[in-house]
Amino acid sequence: MTLRLHYHPLSSYCWKVLIALHENDTPFEPVLVDLSKEEDRNAFYALWPIGKFPVVEDTARNNWFVPESSIIIEYPNQHYPGRTKLIPADPDAARQTRMRDRFFDLHVHNHMQKIIADRLRPQGANDTIGVSMARSQMDTALGMVERQIGDHWTMGESFTMADCAAAPALYYANLVAPLEPKYPRTLAYLARLMARRSFARVLKDAEPYFDMFPKD
Numbered sequence: 000m001t002l003r004l005h006y007h008p009l010s011s012y013c014w015k016v017l018i019a020l021h022e023n024d025t026p027f028e029p030v031l032v033d034l035s036k037e038e039d040r041n042a043f044y045a046l047w048p049i050g051k052f053p054v055v056e057d058t059a060r061n062n063w064f065v066p067e068s069s070i071i072i073e074y075p076n077q078h079y080p081g082r083t084k085l086i087p088a089d090p091d092a093a094r095q096t097r098m099r100d101r102f103f104d105l106h107v108h109n110h111m112q113k114i115i116a117d118r119l120r121p122q123g124a125n126d127t128i129g130v131s132m133a134r135s136q137m138d139t140a141l142g143m144v145e146r147q148i149g150d151h152w153t154m155g156e157s158f159t160m161a162d163c164a165a166a167p168a169l170y171y172a173n174l175v176a177p178l179e180p181k182y183p184r185t186l187a188y189l190a191r192l193m194a195r196r197s198f199a200r201v202l203k204d205a206e207p208y209f210d211m212f213p214k215d
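Under numbering that gives the first Met the number 0, the residue at position 56 of the sequence shown is numbered 55, and the numbers go up by one with no gaps.
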């Protein structure tokens, strides 16, 4: 076991990486970080001063340090490849996969996080304008997904990094802005993602922490 994943089971960007790791049964050492604990927080910020999950270390390669979810997924795809090729070999397909990965992160995931983060603000300190803009922009992105998604995965019949990105983004987006009835095809895609072994495992492991999710 050479990969050490610093993560939290409820973190949406950690889900993205966990799906990729489980998809290929890639061995890794999970290091749960509780940022509410000073010791955990200090250790994590010493490792990655930006302070955002997830982060991977590779103990077999002089503790090679890899932050950022998309880069983390590309790392084992290159150094510890498995049966599921999350980045297609074809250059055009690889570029499309990366583009759709960025689309879900930037135009669904980040807006979803803005909405959820606002629920954690003290009463009277809410960013109503920012949340309204996030909802509007996320709605635009979901409309694009609805028009483009097929009956399988984001890139067609092959499960890729783009699906790893879509799963947590759509799961949490559905909690803050239900997909039904406006986006039935996207909701069906989310159901396929949730039934996939890798994502189902992530959801099961996160269950004990769901009561921490800010409902409103």
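Where a beta carbon is used, it is the ideal one built from N, C-alpha and C, also for glycine. These numbers were taken from a predicted model, which means no experiment stands behind them.
Neighbour-count burial assignment, residue i, 16 or more Cβ in a 10 Å radius
| i | result |
| --- | --- |
| Ser131 | exposed |
| Asn76 | buried |
| Pro167 | buried |
| Ala124 | exposed |
| Ser35 | exposed |
| Thr153 | buried |
| Pro53 | buried |
| Glu56 | buried |
| Asp210 | exposed |
| Lys15 | buried |
| Phe64 | exposed |
| Ala205 | buried |
| Thr96 | buried |
| Leu119 | exposed |
Contact test: residue i Cβ vs the ligand FAD heavy atom, cutoff 7 Å
| i | result |
| --- | --- |
| Leu202 | Within the structure as shown, the ligand FAD is missing, as the structure has no ligands at all. |
Separation of residue j from residue i, as counted between CA atoms
| i | j | result |
| --- | --- | --- |
| Gly50 | Pro121 | 22 Å |
| Asp150 | Glu156 | 9 Å |
| Met193 | Ala187 | 10 Å |
| Pro44 | Glu38 | Correcting the residue identity first, residue 44 is Tyr in this sequence and not Pro. The straight-line gap from Cα to Cα measures roughly 10 Å. |
| Arg40 | Val32 | 7 Å |
| His21 | Tyr208 | 19 Å |
| Ile128 | Met143 | 23 Å |
| Phe102 | Asn109 | 10 Å |
| Met111 | Met160 | 19 Å |
| Leu141 | Ala19 | 23 Å |
| Asp24 | Gly81 | 8 Å |
| Arg3 | Asn62 | 9 Å |
| Tyr182 | Glu145 | 6 Å |
| His106 | Pro26 | 31 Å |
Residue interval of the beta strand (DSSP E) (run including residue i)
| i | result |
| --- | --- |
| Asp57 | 54 to 57 |
| Leu31 | 27 to 31 |
| His5 | 2 to 6 |
First through last residue of the alpha helix (DSSP H) which encompasses residue i
| i | result |
| --- | --- |
| Trp14 | 11 to 22 |
| Ser170 | The amino acid at residue 170 is misidentified as Ser; the sequence shows Tyr. Start and end: 160 to 175. |
| Tyr44 | 37 to 46 |
| Pro90 | 90 to 103 |
DSSP-derived helix/strand/coil call for residue i
| i | result |
| --- | --- |
| Gln198 | Reading the sequence as shown, one finds Phe at residue 198 and not Gln. In the structure shown, Phe198 sits in a helix (DSSP, three-state: H, G or I). |
| Leu192 | helix |
| Tyr79 | coil |
| Gln122 | coil |
| Glu206 | helix |
| Pro213 | coil |
| Ile49 | coil |
| Leu178 | coil |
| Lys113 | helix |
| Pro183 | helix |
| Ile86 | coil |
In DSSP terms, what residue i is bridged to
| i | result |
| --- | --- |
| Phe64 | Glu56 |
| Gly142 | Its beta-bridge partners do not exist; DSSP assigns none. |
| Trp152 | Gly155 |
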